[in-house]
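Right, one structure below, let's go through it.
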Amino acid sequence: MKMTNFLVLSFLLFAFTATSIFPRAVHAEAVIDVFGDEVRTGDRYIIGAASNDFAVTSSRIICNSDVMFSPMSDGLPVIFSPVVESNDSVIHEDSNLNVDFDAATCRMAGVSTMWKIELRPTARGFVVTTGGVAGLNRFKITKYEGGNNLYQLSYCPISEPICKCSCVPLGKVVNRLAPSTVPFPVVFVPSDRASKIEYKMM
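Taking mature numbering (1 follows the signal peptide of the UniProt record, and there is no 0), I'd label the letters of the sequence shown as residues -28 to -1, 1 to 174.
Pasting the structure below:
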């Protein structure tokens, strides 16, 4: 129990101090995929590493699974949707987002594929996993310094009235997507075109 409390307090402290380390984007520009097109609500995308060697996926179970990294060919499509409904179908930087794996078998079984953050004592910290609820599990996409159309993912805790916590960058921790002091650069590839592209760090 003491270890769990320590991990929770450490996470909130990291989120509280993240503003000065990882400032938010000033302009809410459209998020752009590897083909130069705007990323849109409801479309299916593979989240790939900028180095073209990893993609975001889940375990083979898919339902109730942690978000992991695997070879690009095993990438599992995700769908982005704004937390606040809008008539604008374009996904913008620095907007609060829901993120769902596109897994029909889980939806048919009534299992949520929406991303959330959960404490994993065995992993000594928090990880991104599935089973989230719309609006309560907010993520953001912001520009990653170092290249065109490179982005980083962040988790944005709902922490009021405890504190006004900033978003926490997500990185590759072992083979899982998890809060990290080292953001992981990613790109977005339309799933129906993923097999037609070989991209490198831009």
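The beta carbon of each residue, even a glycine, is placed where N, CA and C say it ideally should be.
Since the structure is predicted, the reported quantities are computational estimates derived from the model, not experimental observations.
Going by C-alpha to C-alpha distance, which of the options sits closest to residue i?
i: D60; options: F73, F98 and A2; result: A2
i: V39; options: S53, I63, D74 and I130; result: D74
i: E10; options: P93, N36 and V161; result: V161
i: P141; options: V62, S126 and W87; result: S126
i: I45; options: V83, D25, E57 and F98; result: Checking the displayed sequence, the identity of residue 45 turns out to be Ser instead of Ile. When each option's Cα is compared against that of S45, the closest is D25.
i: I34; options: A81, I63 and N70; result: A81
i: G118; options: S23, G8 and S163; result: S23
i: R92; options: D164, V145, A(-1) and R12; result: V145
Taking Cβ to Cβ, would you say residue i is nearer than 8 Å to residue j?
i: V6; j: N121; result: yes
i: residue 175; j: C139; result: Residue 175 is absent from the structure shown; the chain starts at -28 and stops at 174.
i: residue 180; j: V159; result: One cannot answer for residue 180 here, as it falls past the ends of the chain, which runs -28 to 174.
i: W87; j: V99; result: no
i: V55; j: N36; result: no
i: I18; j: A166; result: yes
Using a 10 Å radius around the Cβ and a threshold of 16 neighbouring Cβ atoms, would you call residue i buried or exposed?
i: D66; result: buried
i: G14; result: exposed
i: N109; result: buried
i: P43; result: exposed
i: G104; result: buried
i: A76; result: exposed
i: V154; result: exposed
Whole angstroms are fine: how far does the CA of residue j sit from the CA of residue i?
i: F156; j: T29; result: 15 Å
i: residue 191; j: D72; result: No answer is possible for residue 191: the residues shown for the chain start at -28 and end at 174.
i: residue 201; j: T85; result: The requested residue 201 is not part of the displayed model; the chain covers only -28 to 174.
i: T102; j: N147; result: 16 Å
i: P(-6); j: E57; result: Only weak support is given to the placement of P(-6): the predicted model assigns it a pLDDT of 43, under 50, and the value that follows is read from those uncertain coordinates. Their backbone Cα atoms lie some 25 Å apart in a straight line.
i: P49; j: S152; result: 23 Å
i: Q124; j: R96; result: 23 Å
i: N70; j: A106; result: 6 Å
i: E90; j: R12; result: 27 Å
i: V62; j: S163; result: 17 Å
i: A(-1); j: H64; result: 6 Å
i: A27; j: G8; result: 19 Å
Per DSSP, residue i forms a beta bridge with which residues?
i: E1; result: According to DSSP, which records beta bridges pairwise, E1 is partnered with nothing at all.
i: G143; result: A150
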